[in-house]
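A.B. asks: Sharing a structure below in structure tokens format, with a few things to ask.
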Amino acid sequence: MRSDTEVCGSIDCAGKSLDLSSPKVMGILNVTPDSFSDGGVFFERGKVSLDRVLGQAEAMTAAGASILDVGGESTRPGAAPVSEAEELDRVIPVIEAISQRFDTIVSVDSSTASVMREAVVAGAGLINDVRALRRDGALVAARDTELPVCLMHMSDEPTTMQNNPQYQDVVAEVRVFLSDRLADCVKAGIAEHLILLDPGFGFGKTAAHNYALLAHLEDIVSIGRPVLAGLSRKSMIAAEIHRNLDERLPASLALATLAAAKGARIIRAHDVKETADAMAMVAAMEREL
Ligand code: 7PM
1195 MRSDTEVCGS IDCAGKSLDL SSPKVMGILN VTPDSFSDGG VFFERGKVSL DRVLGQAEAM
1255 TAAGASILDV GGESTRPGAA PVSEAEELDR VIPVIEAISQ RFDTIVSVDS STASVMREAV
1315 VAGAGLINDV RALRRDGALV AARDTELPVC LMHMSDEPTT MQNNPQYQDV VAEVRVFLSD
1375 RLADCVKAGI AEHLILLDPG FGFGKTAAHN YALLAHLEDI VSIGRPVLAG LSRKSMIAAE
1435 IHRNLDERLP ASLALATLAA AKGARIIRAH DVKETADAMA MVAAMEREL
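Reading the sequence shown from the start, the letters are residues 1195 to 1483 in this note's numbering.
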């Protein structure tokens, strides 16, 4: 490597190594009956079908996912809140089944302390929390698991976050939020090398806010922790080109490629194979930096 641009090393995810020297794909596995783009596909007569989930996990692993993100709470704007018991019921058996059968790292997409605690026992290797460990007990629970944690920026709660989001300077405010949360987590006993950061595209932001965050993603990368970006099929695409959810793949790949070129190391995506191909192009370019 010719330049001295910062590169990320590897992170230990409960015994599985996640190499972030090139951008990696996190496949989305929503086990919710009402998710925004793949709602209910794993449900059969009101219950999660493990067979269907395992089929998708296998397909995503074969397609090049390094991580499978299992979530039981729909965070789409206006989604109904889920009870703790329901969330445990949806995600724990899925995490257990996937981690028994595949080497892929499983992340638990949750803000709930008990879900984090049970997820690590079930085999999860990463915690992905859209509330950045701000719920009661979550910080301590995450610390106790000793798993890597992704802290995401979200102003407000999913139910109300899209009601007139306002910032003086969205990039600066998201940067301050994430560096403050990073400091709080380190103070609470989470090792700094276990923390990942995410600007939270689509969470309490207008399309212009989202594009500003993408344009200045370097300002989030420069905090010094690996950055995760979730852009797949999001409404910032529709704001420009008015495509339905099932027509947003080319734009999603463009956004994923831009984010990775600006230093994001994990791309959260629905379409794993296509996104992995795009990330291979970024990796090939980065080899010559
Ligand atoms: C509206 C906003 C609808 C967001 C659906 C979503 C992220 C995440 C989700 C993300 C991390 C979706 C989402 N998005 N976790 N969970 N980063 N870390 O597209 O951007 O599935 S939910």
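Backbone N, C-alpha and C fix where the C-beta goes; we use that ideal spot for every residue, glycine too. Note that the structure is predicted; figures quoted are calculated from it, not measured.
1. Less than 8 Å between the C-beta atoms of Gly1319 and Ala1423, yes or no?
2. Please tell me whether, using a cut-off of 7 Å, the distance from the CB of Val1324 to the nearest non-hydrogen atom of ligand 1 is below it.
3. Check the C-beta distance from Asp1323 over to Ser1304 and give it rounded, since I have them as a contact under 8 Å.
4. Can you tell me whether Cys1344 sits near ligand 1, meaning its C-beta is under 7 Å from at least one heavy atom of the ligand?
5. DSSP three-state label for Ala1291, please.
6. Going by the C-beta, is Ile1289 closer than 7 Å to any heavy atom of ligand 1?
7. Determine the burial state of Thr1469: buried for a count of at least 16 other Cβ atoms within 10 Å of its Cβ, exposed for fewer.
8. Between Arg1459 and Pro1217, which are expected to be in contact by the criterion C-beta below 8 Å, what is the C-beta distance as a whole number of angstroms?
9. Work out the CA separation of Ile1261 and Leu1449 for me, nearest whole Å.
10. Might you give, ordered along the chain, the residues of its own chain that have their beta carbon closer than 6 Å to the beta carbon of Asp1228, omitting 5 neighbours on each side?
11. Check whether the Cβ atoms of Val1225 and Val1285 sit closer than 8 Å, and answer yes or no.
12. Which whole-angstrom value is the C-beta distance of Asp1392 and His1347, which I expect to be below 8 Å?
13. Which residue marks the beginning of the beta strand (DSSP E) containing Gly1249, and which one marks its end?
14. Could you check the C-alpha separation between Ala1453 and Ser1429 for me, to the nearest Å?
15. Can you check DSSP and say which residues form a bridge with Leu1341?
16. Is the shortest distance between the beta-carbon of Ser1426 and the beta-carbons of chain C less than 8 Å?
17. Compute the Euclidean distance between the alpha carbons of Asp1413 and Met1355, then round it to the nearest angstrom.
C.D. replies: The answer reads as follows:
1. Counted from its first residue, the sequence shown places residue 1319 at position 125. Counted from its first residue, the sequence shown places residue 1423 at position 229. Taking 8 Å as the Cβ cut-off, Gly1319 and Ala1423 do not qualify as a contacting pair.
2. As a first step, residue 1324 must be located in the sequence shown, where it is residue number 130. Yes, the Cβ of Val1324 comes within 7 Å of a heavy atom of ligand 1.
3. Sequence index remark: in the sequence shown, residue 1323 carries index 129 (1-based). Sequence index remark: in the sequence shown, residue 1304 carries index 110 (1-based). With 8 Å as the limit, Asp1323 and Ser1304 qualify as a contact, their Cβ atoms being about 7 Å apart.
4. Position 150 of the sequence shown, counted from the start, is the residue given in the question as residue 1344. Under cutoff, so the answer is yes.
5. Counting from one through the sequence shown, the residue named residue 1291 turns up at place 97. Helix.
6. Counting from 1 along the sequence shown, the entry for residue 1289 is found at position 95. No.
7. Walking along the sequence shown from the start, residue 1469 turns up at place 275. Looking at its Cβ environment, which holds 16 or more other Cβ atoms inside 10 Å, Thr1469 is buried.
8. Counting from one through the sequence shown, the residue named residue 1459 turns up at place 265. Counting from one through the sequence shown, the residue named residue 1217 turns up at place 23. Contact flag correct, Cβ pair sits at about 6 Å.
9. In the sequence shown, counting from the first residue as 1, residue 1449 sits at position 255. In the sequence shown, counting from the first residue as 1, residue 1261 sits at position 67. Looking at the two C-alpha atoms, the distance is approximately 19 Å.
10. Counting from 1 along the sequence shown, the entry for residue 1228 is found at position 34. Answer for Asp1228: Ser1268, listed in chain order.
11. In the sequence shown, the residue the question calls residue 1225 occupies position 31. In the sequence shown, the residue the question calls residue 1285 occupies position 91. Yes; because the gap between Cβ atoms is below 8 Å, this pair is in contact.
12. Residue 1392 sits at position 198 when you count from the first residue of the sequence shown. Residue 1347 sits at position 153 when you count from the first residue of the sequence shown. Rounded to the nearest angstrom, the Cβ distance from Asp1392 to His1347 is 7 Å, consistent with a contact under 8 Å.
13. As a first step, residue 1249 must be located in the sequence shown, where it is residue number 55. Counting along the chain, Gly1249 falls outside any beta strand (DSSP E), though it belongs to the alpha helix (DSSP H) covering Leu1244 to Ala1256.
14. Taking the sequence shown and counting its residues from 1, one reaches residue 1453 at position 259. Taking the sequence shown and counting its residues from 1, one reaches residue 1429 at position 235. Roughly 16 Å separates the two Cα atoms.
15. Against the sequence shown, residue 1341 aligns to sequence position 147. Bridge partners of Leu1341: none, in fact.
16. No chain C appears in the structure shown, which is made up of a single protein chain.
17. Taking the sequence shown and counting its residues from 1, the one referred to as residue 1413 is at position 219. Taking the sequence shown and counting its residues from 1, the one referred to as residue 1355 is at position 161. Their backbone Cα atoms lie some 23 Å apart in a straight line.
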